[in-house]
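Visitor: Residue numbers (my numbering): 9 to 683.
Here it is, the structure in full.
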Ligand code: C2E
Ligand code: CA
Ligand code: CA
């Protein structure tokens, strides 16, 4: 150790040693950065980075060595043999390149250590080839111990340095790898130089003015150029990476069609504005914007025209934005906007600006459209304090605007919009009701008026809500129809009622209500067939009830479906007759098996001659078409008697029997009729 230190201090030009160290440090820094890049890229790019690493490392090490050699003052004249000097440079570059390439190859888990050790060996090979090029006027002897130690140190430290460089992901990790590398190079060089013993030949001749300083500076200059090239490529790549990261970031946060921010950026922005507004005097308005006639454009002019419209509107909107305002596209033709304000006048003014550009006609190639929008507004902190509630309130207000014929912009109003929200809550509860067994069927008896005999039962759906209790069908059936849930419910009703009826002791009829939605969106004939098959119920015992509106909505399709169902042997009843269209055309269009006269006619039948006249007319109509009439909603004995006098065929109502969970009431009929 002492010999090494005295070698450095005593036989070297300290300034040049300093310069060598500088080159060494810079070289190691660049080498490790490039090495890291090589390890984290793949394919051809990795070869490129490996090459650069080899060149930078080899050049830096060689230059360090060369400058340090020039710093060495053996006390005798010195020359360098050009060929061997160049060979030593090649050894450094090639050895470092191959070593590092292996280190980053991932071939085995020991690759970094093996590759790094190979680099260490290359450094040693470079050093001693360089020494062969070093010609001195004197007798040269080598101390073998120092020589071997120097080679071992180089291999061990370079191996350790490369291993820790490829593992490091903290600053300290990188620094310790760099330190190990510097130690590898420095220990090799100076231990190697200690191994060198020179005895001057013809008496020591001090070399007066040797050119080594100029030479060292030139070599250092070259080293720095190479290192600089390494740094530049690293930085250029960094910039390219940053650019593509930015591009990805932009893609992730923006809608590709319009270039507007997307839902994610909108969410971030809104959260940010809400945070800022908290405790300040600022308010934040959230706007839900839904285009009005966009679907028309899409359907009539094609998607390309639709895209064009979206782009134009998006462009116009983003051009009108001022400080504290943003617009995002969050769905097909849905946009949201945020406006931070103190004076409400500025919010109104923002809405006017938006409305103006949305309603302004848009010219696309050969046509012109004027798109409108419905806008719902909710304001922080008045309408809600958090993002989700603000959005959902703005949404409710937007739906009110959509439904209104006169208003395009609606501000959230708790009283109005809460009703809508309650409906939505109910809809989501209903979704679970099927799974949670909250649904059941009640059965209401239908009897023949002339004989008093029970003809059958109508199945009526019941929902027992865990919190609200019994929810009436008039409330939840429309929701089920709007949400499409009626398909699932309808199927459940059909199968459950058929299965129940199949178990009855008497072969009575079971009447089941159908929704118009079931005619549009399900394969009803198949469903009915399956329900019959599964339950084993005789088709003749099943009666399906539908209202006139079902037929009017989609006449051809409905009639075709009814025909198929009828062919199964199932009968069809026209429900609620007299309330809607009551058209003779409907009665003529299909051979119904029963007409159910709506209960509204029963209410004043006892006092109103008009009601009685209508009932009489319907009964006559039924007679002439040979379709039996069932009167619904019979609540009193008097109503029952009037219908009996008029010759009505069948009856249903509280007077005869209320809907109940089972059909046990059938025995009571006789008493009621004779009462
Ligand atoms: P609807 O088909 O006209 O059913 C008869 C309704 O009148 C039942 O109401 C029944 O409880 C009620 N009702 C029976 N007798 C009387 C009476 O004497 N006086 C009065 N005031 N009402 C009487 P509910 O069960 O509340 O059902 C209401 C409507 O909900 C049904 O009218 C039907 O349109 C629909 N609905 C019920 N169950 C189902 C179903 O399973 N599927 C479908 N699609 N709709 C159903
Ligand atoms: Ca019915
Ligand atoms: Ca009815």
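Heads up, the beta-carbon is just placed ideally off N, CA and C, and yes, glycines get one too.
1. Since residue 521 sits in a beta bridge, which residues does DSSP pair it with?
2. For residue 651, which of 359, 665, 633 and 621 has the nearest alpha-carbon?
3. The beta strand (DSSP E) spanning residue 147 covers which residue range?
4. If distances are taken between C-alpha atoms only, which option among 333, 105, 498 and 281 comes closest to residue 69?
5. Using three-state DSSP, classify residue 478 as helix, strand or coil.
6. Should residue 604 be listed as close to ligand 3, given that the test is whether its C-beta is under 7 Å from any heavy atom?
7. Determine the extent of the beta strand (DSSP E) in which residue 548 is found, giving its start and end residues.
8. Tell me, to the nearest whole angstrom, how far the beta carbon of residue 420 is from that of residue 386; I am working on the premise that it is less than 8 Å.
9. Have a look at residue 526 and residue 561 and give me their C-alpha separation to the nearest angstrom.
10. Out of 255, 27 and 141, which one is the CA nearest neighbour of residue 194?
11. Residue 42 to residue 142, Cα distance in whole Å?
12. Between 462, 464 and 430, which lies nearest to residue 400 when the distance is taken from Cα to Cα?
13. State whether the stretch 287–296 contacts the stretch 232–246, with contact taken as three or more CB pairs (one from each stretch) at a distance under 8 Å.
14. Return the Cβ separation of residue 151 and residue 76 in integer angstroms, given the expectation that the two are a contact with Cβ distance under 8 Å.
15. Rounded to the nearest angstrom, what separates residue 185 and residue 122 at their Cα positions?
16. Measure the C-alpha to C-alpha separation of residue 21 and residue 170 and round it to an integer number of angstroms.
17. Can you list, in chain order, the residues of its chain with a C-beta nearer than 6 Å to that of residue 671? Leave out the 5 residues immediately preceding and following it.
18. Please return the same chain residues whose Cβ sits closer than 7 Å to the Cβ of residue 157, not counting the five positions on each side in sequence.
19. What's the gap between the Cα of residue 300 and the Cα of residue 381?
20. Run the CB neighbour count on residue 577, radius 10 Å, all protein chains shown included, and call it buried at 16 or more, exposed below.
21. Could you say which of 514, 323 and 154 lies nearest to residue 136 if we only look at CA atoms?
22. So is the beta-carbon of residue 501 under 7 Å away from any non-hydrogen atom of ligand 1?
23. Just to confirm the assignment, what range does the beta strand (DSSP E) spanning residue 471 have?
24. Under 8 Å, with one C-beta from each stretch per pair, do the stretch 511–527 and the stretch 457–472 reach the 3-pair mark?
25. Residue 311 lies in the alpha helix (DSSP H); which residues open and close that run?
26. With burial defined as no fewer than 16 other Cβ atoms inside 10 Å of the residue's Cβ, what is the status of residue 259: buried or exposed?
27. Can you find a heavy atom of ligand 2 that lies under 7 Å from the Cβ of residue 601?
28. In terms of residues, what are the limits of the beta strand (DSSP E) holding residue 583?
29. Answer with buried or exposed for residue 23, where buried requires no fewer than 16 other C-beta atoms within 10 angstroms of its C-beta.
30. Give the single residue among 147, 197, 601 and 145 whose Cα lies nearest to the Cα of residue 131.
31. Alpha carbon to alpha carbon, what distance is there between residue 266 and residue 288?
32. What are the start and end residues of each continuous alpha helix (DSSP H) run of 4 or more residues lying completely inside the stretch 620–661, in chain order?
33. Are the CB atoms of residue 393 and residue 348 nearer to each other than 8 Å?
34. Name, in chain order, the residues that DSSP records as bridge partners for residue 483.
35. Looking only at its own chain, which residues have a Cβ that is under 7 Å from the Cβ of residue 669, when we skip the five neighbours before and after it?
Guide: So, from the data block:
1. 553
2. 621
3. 146–150
4. 105
5. strand
6. yes
7. Element bounds for residue 548: n/a, residue is neither H nor E.
8. 4 Å
9. 12 Å
10. 27
11. 31 Å
12. 430
13. no
14. Not quite, the Cβ-Cβ distance comes to about 18 Å (not below 8 Å), so this is no contact.
15. 16 Å
16. 30 Å
17. 451 and 465
18. 199
19. 5 Å
20. exposed
21. 154
22. yes
23. 462–473
24. yes
25. 311–328
26. exposed
27. no
28. 579–585
29. exposed
30. 197
31. 33 Å
32. 645–654
33. no
34. Its beta-bridge partners do not exist; DSSP assigns none.
35. 448 and 450
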